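Undergrad: Right, I'll just put the structure down here and ask away after.
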Amino acid sequence: MLKKGLATTIVLSLVAVFLLAAGCGTPTGKSTSSSGSGSGKSFVIGVANGYIGNDWRTQMIADVQQVAKTYEEKGVISKLIVENANNDVTQQISQIQNMINSGVNAIMIDPVSATALVPAIQKAQKAGILVIPFDGVVNNPKVTNITTDQYSWAKGGAQWLADQLHGKGNIILMDGLAGVPAENIRAQAEQDVFSKYPGIHVLQKVFGGWAEATAEQKMTSLIATYPNIDGIYTQDGMGMGIVQAYIAAHKKPPLMTGDVTVGFFKYWTEHQSSGFHSYVESNPPGIGATALEFTVNMLQGKKLKSSSIQANPVDTSQTNTVLVKSPLTVTDTNLQQVWNSTMKGKPSSYSLDAWLTPSQVDAYFQ
Amino acid sequence: MRTPFNLNQRATRIFRSPAMIGWVLFLIGLVANAIVQPTLFKLSVINSNLGLAAPLIMVAIGQTAVVLAGGIDLSVGSIVTLTNVLVVSLYSFHHTGFWLAAIFGVAAGMAVGVVNGFIISVVRIPALLVTFAMMSIVNGVALAILPQPGGQIPADIYQIYGSTVGGLPFPFLLIVFGVLLWMIFRYRKIGRYLIAVGGADWSSRANGIPVTKVRFQSYILSATFASLAGLFLTSEVSSGDPLIGASYALNSLAAVVLGGTALAGGRGSVSGSAGGALFLILVQNIVYFANVPSYYQTLVSGLIVVIGLATTGVLYVRSGKLHLTNGR
Amino acid sequence: MLTIEGLRKEYGAVVALQGASLTLVPGTIHALLGANGSGKSTLVKMLGGVVRPTKGTIWVDEQRLEVGSPAHAIHKGIAVSYQETSLVPSMSVADNVLLGIEPTGKAGYVAQRSLRERAAEILDQLGLNIPPDVPVGELPTNIQHLLEIGKALVKRPKYMVLDEATAALRREEVKRLFSIVCSLRDEGVAILFVSHRFDEVYAICDRATVLRNGAVVGTRSLSNTSREELIQDMIGRRISLEPVQQKTGTSFKKQAVCLKARSLTNAELRGVDLEVSAGEIVGIGGLQGQGQTALLRALIGATTVRGDLETDGHQGLFRNPSHAAGNGVRFISGDRGREGVFGQRSIYENIVIGRIATFPLWKRASQRGENQAARALVEQLKIVHHSLFQEVRGLSGGNQQKVLFARTLASKPNVVILDDPTKGVDVSTRMEIHRLLRNLAGEGVGLLIASSDDEELAEVCDRVLIMYEGQIVRELTGDLQPSHITKASIEGAQSEKGKGAETRADSL
Amino acid sequence: MTFTERAKQWLEQSSRNSLGIAVGVAVLLTAVGGAFNRGFVSPSNLLNLLAISSLLGLAAAGQTLVVLSGGEGIDLSIGAVISLSAVLTSQISNGQNGLLFPAVVVTLVVGALLGLVNGLGIYLAQVPPLIMTLGMSSVIEGIVLVYTQGQPKGQAPPFLATLGTGQVLGIPWLIIVWAVFTLIIWYVLKHMVYGRLLFLVGDNRSAGRMSGVPIAKLVVGTYALSGFFSACTGILFLGYTNTTYLNIGDVYILPSVAAVVVGGTALSGGRGGYIGTVVGAILLTVLDSLLTTMHMGEATRGIINGVVLLVLLSIYTRQPKDA
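Protein chains in written order, with the numbering used here: chain A, 2 to 367; chain B, 253 to 580; chain C, 245 to 752; chain D, 618 to 940.
Given below as structure tokens:
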């Protein structure tokens with residue numbers, strides 16, 4: 002009896018979930034065709050986001066949705082479809098294909114892989130769909146990548162650290178995740194800067210996985226192993242982990258590049274007076290919103306200036322990338338102002354955010 | 253609880269075929285998908301769905317072979333990756349001919365299977381642990397071969413992969429190829445012995461079946477299918493990526509279980525696993541076309557899969573356990 | 245000619261077979277007799293290559309048989325029908341019958357048609373009308389056993405071994421089997437027939453070898469040997485074969501009934517009524533596989549059953565063994581390895597679980613006094629050990645069984661239900677266990693013991709119930725003799741089958 | 618128990634036991650680290666290694682119970698439960714000590730309930746544990762996303778933050794907390810009816826059933842406990858990282874299994890214990906730290922991790938040839 006009831010319950014709940022899923026909205030295919038033909042200027046845009054499991058990405062999506070809303074109110078965008086893949090290439094390909102099959106006008110992709118999506122993208126292009134990879138880049142000459150200039154971003158921090166150290170000292174490099182394109186670009190920038198200073202000795206280069214807890218653990222080991230760390234160069238999402246490791250070790254953190262989270266800014270503002278110095282160049286989640294601005298402009302038929310398009314940082318043989326400079330750099334001088342204006346009161350995982358305004362984006366177009 | 257003969261006898265008989273569970277789930281998924289996506293049956297749509305399904309089905313076939321024989325293979329995902337990076341880097345960076353590179357790639361995958369099989373069946377260490385450790389090792393090797401995504405394969409290869417041949421989607425032909433390949437084994441002695449060894453170890457021994465050898469071969473089979481899947485996936489994505497296969501180990505197992513194959517071994521079928529794999533692919537479509545809001549997607553797809561699993565489990569329990577009164 | 249020379253098998257301290265020898269002559273049917281646990285099955289498994297002998301050789305047609313290789317045994321023309329069957333439950337009838345010897349066609353594919361044809365041929369020969377595509381696990385026991393025989397037949401063996409092949413079969417099935425076996429004999433096949441049933445043995449066999457306690461007592465030609473002589477060989481002492489007296493008034497002074505079951509019915513039981521009084525030992529006998537095990541399992545709620553049950557302070561069937569244990573009804577399984585001991589855990593833990601199994605899970609298991617109690621039990625039962633904390637799997641079978649007893653004693657039960665309590669146990673341990681059972685009854689515990697060992701039943705029981713095909717067909721009380729129980733078991737079979745045995749013998 | 622009896626017991630266990638081997642390997646790795654870099658064996662680094670191990674050790678606590686319970690038990694959902702728990706505690710407490718208590722209660726109840734669902738799916742619907750917990754893991758990740766709408770709020774209350782990163786007398790609180798947990802789990806396994814039955818049932822489920830153990834309660838309860846312990850871990854993680862994010866627990870899924878098996882707990886169940894897992898967690902942390910110190914790349918690291926695992930497991934778990 003129990004088993005029978007169980008089976009019925011389970012089958013019913015399966016049906017219920019399907020109905021629930023089906024009830025969430027009308028088929029996308031239909032709405033596309035109707036709205037597309039209605040105004041003639043109303044676009045359906047798909048966003049294939051490769052990963053949603055961290056705060057930076059969720060903020061990025063929230064930004065995209067926020068900007069899309071203003072366009073929806075103006076009737077420029079009829080619909081924004083957001084799909085998240087769990088860092089799984091095949092899942093992202095499937096989502097891109099679904100977008101093609103449901104007839105979107107443009108697909109924005111935060112790619113899981115720089116190369117593996119190329120066939121899916123070509124399929125989209127064959128179907129007349131505009132493809133805009135953003136945040137990460139894709140190695141295909143026919144797309145237009147919109148990405149933060151990772152090289153100059155990483156170089157800025159590295160240069161600041163080298164300057165502050167006056168070209169001398171022992172440093173730690175806390176990098177992200179091996180095997181990921183952005184990591185390789187940043188690593189190149191780090192190397193280019195630090196190799197110019199023979200007095201700077203890199204004690205160790207470790208991978209913190211762009212995750213606070215991992216960074217905290219690695220740093221804890223490093224603090225104990227090296228008593229003489231003069232500076233730390235770190236990338237995204239790990240600054241607070243490093244600081245936590247120092248707090249736990251009852252030591253003051255040395256000179257270090259920082260992180261864009263509220264948590265880090267809070268620490269910085271509170272300890273600035275006691276001699277903690279840092280440098281943060283924003284790698285804003287707003288890049289998604291910026292990319293959306295570009296996408297809308299291109300859908301409306303505008304052409305990019307040829308000077309806007311630069312070499313693909315991953316595969317320099319291709320010229321297909323708009324490198325967006327980081328819109329904001331925070332140092333000791335403007336820290337208080339930035340903190341008060343944008344960061345105070347936000348959840349501690351919130352990242353310092355900014356995206357290009359429509360007029361700033363216009364400057365990239367002919 | 254269970255009366256021996258009743259009107260439902262015929263219905264139960266159908267449900268007793270383990271493959272049915274997978275296909276029923278697949279059908280439910282197909283109907284749900286067709287409701288939310290009217291264009292589902294367009295050739296190009298079928299083509300793109302099958303293009304993604306083909307590698308998963310291949311891995312699931314190999315996984316089924318191992319599971320039938322009472323084992324498990326967690327290293328299949330890393331084998332997919334290994335084949336991918338090897339083929340691409342040989343072709344792109346060492347100027348090997350594509351087909352030669354493909355042969356190398358598949359051979360390397362099979363070699364992993366040989367190592368697995370040897371350690372599990374001859375040295376006798378539990379399969380879960382061996383393949384778990386092997387996963388870490390092979391992923392490391394793949395990362396060493398190709399530290400970052402890159403390289404490519406000849407354009408015509410991936411164009412063919414996305415094309416139709418004689419009105420049929422090419423990936424469909426590849427799935428047929430995979431199934432035929434499986435049938436080569438299924439309808440030889442080895443195919444029966446896999447089931448026998450997984451179903452009744454002692455009985456198999458008593459009937460003179462070389463149990464150790466059969467176990468050994470099951471891992472080679474699984475690795476072979478996984479590396480062919482790697483080859484298909486390479487055609488789909490046309491490039492190399494050292495993290496590409498990560499999801500296949502657990503997804504293939506989910507497909508196998510959804511397909512009504514008992515993880516304990518001895519009972520199940522490849523066609524069921526194929527149904528389970530297709531179900532997993534369809535779930536993604538359903539979530540997309542049902543316009544599930546971004547933050548709800550993971551939850552909804554997760555719920556569908558868990559409920560699917562529970563359905564499989566309950567149907568399986570209800571289908572009645574086979575028993576031998578004096579059997580072991 | 246197949247010759248066995250000095251086969252010996254030791255399992256740890258237990259000697260299952262101590263140097264058995266015999267010869268199988270083509271064109272004869274050779275009976276292998278012996279009480280339960282005399283080593284017959286071990287011998288059979290060695291012939292099949294499944295068990296590797298500790299010592300000794302098997303010669304087949306003047307060549308040495310590779311030991312421990314079933315494939316080689318099959319290759320040399322030996323086919324075995326195992327008592328516990330060697331079927332794969334999930335595979336179909338046809339696939340099972342030809343498992344391991346599938347005909348292959350071109351390119352190594354299994355020739356489906358010829359496989360089905362050969363399977364059908366065998367099914368036909370056995371008079372089985374079943375679809376060849378059904379998984380054998382779904383078939384009834386008797387059919388499964390017929391298929392096990394079919395598997396041996398299909399190999400067209402020169403030497404065929406039938407281990408208790410008839411135990412689960414119906415009359416007409418036995419009849420058909422005998423005609424097949426006899427025609428095989430006429431074709432020059434040597435057959436080793438292992439059975440408990442004398443009339444079957446007399447009906448078809450030429451010679452008989454008797455095993456007792458793992459040793460060959462002797463080989464006799466059946467034409468000039470009486471049943472009495474054979475039984476004497478098996479049991480080892482002279483007995484009378486007078487009809488068993490059924491006493492209605494029990495010699496046992498009835499106390500309170502502590503277990504009472506009414507019309508228990510399920511797939512294997514056909515309405516069993518049963519009563520056990522406090523301090524009473526009730527035995528369940530009969531030929532093997534007549535539902536004894538099923539009855540015990542039904543009583544403790546391990547299988548589903550209809551009917552009614554009443555114990556001291558509880559009314560109704562038990563939901564599961566835990567429910568039964570909570571009400572003071574404890575079970576000791578006959579399958580020691582699978583359902584009895586926790587092999588990788590210590591003696592101590594194996595004993596203490598008896599006490600704590602039914603405690604609330606979140607309670608503290610007070611260890612105060614546990615050691616003393618466990619130690620006392622270990623000493624009381626004379627469990628041979630070097631530490632209370634050694635793993636149980638290192639103990640001999642007899643000592644493992646004693647550990648199970650210690651566990652049950654630690655639980656302070658009202659009723660103890662035992663399945664084959666001395667299976668695979670040496671003689672002295674056996675005696676100790678019997679004494680223990682008596683003591684337990686003396687303390688007012690009701691015991692229900694199923695055993696295939698009639699001597700054991702006679703020795704310890706106040707009352708013996710004989711089961712046949714899921715029913716209790718006889719009740720024996722008073723001065724119990726093993727031979728009486730054996731006889732009642734066989735007679736139970738005969739009374740149930742009418743005059744089956746005679747008819748069968750005549751027709752052959 | 619007499620002294621000799623205890624000694625015998627200890628010998629009995631360690632002669633065949635993997636615990637000794639694991640301890641040996643951990644010590645050896647530390648020594649190798651020391652040879653490469655003096656700082657590696659400094660007392661402060663050793664304490665730090667221990668503190669880091671404690672996170673993995675806590676994450677592997679529920680895993681240990683589930684694996685011990687047998688029946689191919691494994692819990693791949695602990696990562697997701699840890700993430701959810703950190704998020705729940707963070708959002709509910711909103712960084713205030715006063716709200717910590719209700720936050721912790723809610724978190725623990727939710728964790729246990731999710732574990733219960735795992736257990737029911739595994740016991741009643743007979744879904745293999747590996748697959749059931751994997752599926753649940755994605756459901757729980759979904760719950761996290763929906764609950765936070767992508768942006769977890771709040772932070773660790775100061776009390777929790779002290780527990781996560783503070784020190785007392787030079788010893789990180791984390792180590793002390795871990796020690797307390799270890800003691801509790803040791804007590805549960807050693808002295809509670811539940812724990813003692815767990816080993817037996819894990820060794821032989823049928824025998825447990827026939828001896829009268831309430832298997833359903835025990836098995837389902839074990840998964841619930843695993844959820845509970847993962848929730849505890851999540852709460853402490855919040856203290857360690859101070860703020861939380863969505864995928865905080867992911868990195869512990871596979872290492873938690875590795876810590877359990879390296880600690881000598883058999884994946885087939887019934888053998889091992891939490892002390893082994895503690896050693897396993899330390900061993901893996903030392904190994905990881907050592908590879909970092911030796912400047913190993915990701916690829917080499919993966920290979921070495923796998924080989925170490927394979928070699929250790931070969932020593933522990935080689936199965937006897939049958940018949």
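Every residue, glycine too, gets a C-beta built ideally from N, C-alpha and C. It should be emphasised that the depicted structure is a prediction, and the values quoted were computed from it without experimental measurement.
CB-CB under 7 Å to I544(C), same chain, minus the five flanking residues each way: which ones, in chain order?
TA: If we look at I544(C) and ignore the five residues flanking it on each side, its Cβ neighbours are F562, P565, A568, V573, F575 and I661.
Undergrad: Cα separation between E713(C) and L540(C)?
TA: 15 Å
Undergrad: Using three-state DSSP, classify C195(C) as helix, strand or coil.
TA: This structure does not reach residue 195(C), given that chain C is present from 245 up to 752, and the question cannot be answered.
Undergrad: Checking contacts by CB at 8 Å: is G524(B) closer than that to chain C?
TA: no
Undergrad: Could you check what DSSP says for I280(B) in three-state terms: helix, strand or coil?
TA: helix
Undergrad: Confirm, please, whether the CB-CB distance from P375(C) to A363(C) is below 8 Å.
TA: no
Undergrad: With a cut-off of 8 Å, does the C-beta of S670(D) fall near any C-beta of chain B?
TA: no
Undergrad: Quick one: is N229(A) buried, meaning 16 or more other Cβ sit within 10 Å of its Cβ, or exposed?
TA: Exposed.
Undergrad: Please compile the residues from chain C whose C-beta is within a distance smaller than 8 Å of the C-beta of K441(B).
TA: What K441(B) touches in chain C: E346, T348, G352 and V354.
Undergrad: Among V717(C), L701(C) and S733(C), which has the Cα closest to the Cα of L724(C)?
TA: L701(C)
Undergrad: Drop a sphere of 10 angstroms on the beta-carbon of A351(C), count the other beta-carbons inside from all chains shown, and report buried for 16 or more, exposed for fewer.
TA: exposed
Undergrad: DSSP three-state label for I865(D), please.
TA: coil
Undergrad: Name the DSSP beta bridge partners of S590(C), please?
TA: Residue pairing of S590(C) in beta bridges, as defined by DSSP: E635(C).
Undergrad: Give the DSSP-derived three-state secondary structure of G712(D) in the structure shown.
TA: The answer is coil: DSSP assigns G712(D) none of H, G, I, E or B.
Undergrad: Which residue from E583(C), S282(C), G271(C) and I528(C) puts its Cα closest to that of E719(C)?
TA: When only C-alpha atoms are compared, the closest one is I528(C).
Undergrad: Is the stretch 632-651 of chain D in contact with the stretch 201-216 of chain A, if contact means three or more CB pairs nearer than 8 Å?
TA: no
Undergrad: For a contact meaning CB atoms closer than 9 Å, what does Q549(B) contact in chain A?
TA: I53, V83, E84 and N85
Undergrad: Out of curiosity, what's the CA-to-CA distance linking Q715(C) and T509(C)?
TA: 10 Å
Undergrad: Could you work out which residue in T410(C), D339(C), R471(C) and N468(C) is closest to I442(B) when comparing CA atoms only?
TA: D339(C)
Undergrad: Based on the DSSP output, what are the partners of A694(C) in its beta bridges?
TA: I528(C) and D663(C)
Undergrad: Which of the three DSSP states is assigned to H728(C) in this structure?
TA: helix
Undergrad: If contacts are defined as beta-carbon pairs under 8 Å, then I538(B) and G281(B) qualify, I think. What distance do you get, rounded to the angstrom?
TA: 7 Å
Undergrad: F816(D) versus chain C: which residues are under 9 Å apart at the beta carbon?
TA: F586, Q588, R589 and E593
Undergrad: Assess, as a yes-or-no matter, whether the stretch 833-848 of chain D is touched by the stretch 680-688 of chain D under the definition of 3 or more beta carbon pairs within less than 8 Å.
TA: Touching, per the Cβ criterion.
Undergrad: By the three-class DSSP mapping on this structure, what secondary structure does A125(A) have?
TA: helix
Undergrad: Looking at the structure shown, is S521(C) part of a helix, part of a strand, or coil, going by DSSP?
TA: strand
Undergrad: Against chain B, with Cβ distances strictly below 8 Å, would N185(A) count as a contact?
TA: Chain B, which has a Cβ nearer than 8 Å to the Cβ of N185(A), makes this yes.
Undergrad: Short of 7 Å Cβ to Cβ, which residues in the stretch 275-290 of chain B face chain D?
TA: Listed by position, the residues of the stretch 275-290 of chain B near chain D (Cβ gap below 7 Å) amount to none.
Undergrad: With a cut-off of 8 Å, does the C-beta of T835(D) fall near any C-beta of chain C?
TA: Per the sequence shown, residue 835(D) should be read as Leu rather than Thr. Cβ-Cβ to chain C under 8 Å: yes for L835(D).
Undergrad: Can M257(A) and S274(A) be called in contact, C-beta distance under 8 Å?
TA: Between M257(A) and S274(A), the gap from beta carbon to beta carbon reaches 8 Å or more.
Undergrad: Should S415(B) be labelled buried (16 or more other beta-carbon atoms within 10 Å of its own) or exposed?
TA: The residue is exposed, with fewer than 16 neighbouring Cβ atoms inside 10 Å.
Undergrad: For V138(A), which residues of its own chain have a beta-carbon under 7 Å away from its beta-carbon, when the five flanking residues on both sides are left out?
TA: The residues are A115, N146, T148, P182, N313, P314, V315 and T322.
Undergrad: I need the straight-line Cα distance from M290(C) to L342(C), nearest angstrom please.
TA: 21 Å
Undergrad: Answer with yes or no whether the minimum CB distance from F821(D) to chain C is below 8 Å.
TA: The residue you asked about is not Phe; residue 821(D) is Asn in the sequence shown. Closer than 8 Å to some Cβ of chain C, the Cβ of N821(D) qualifies, so yes.
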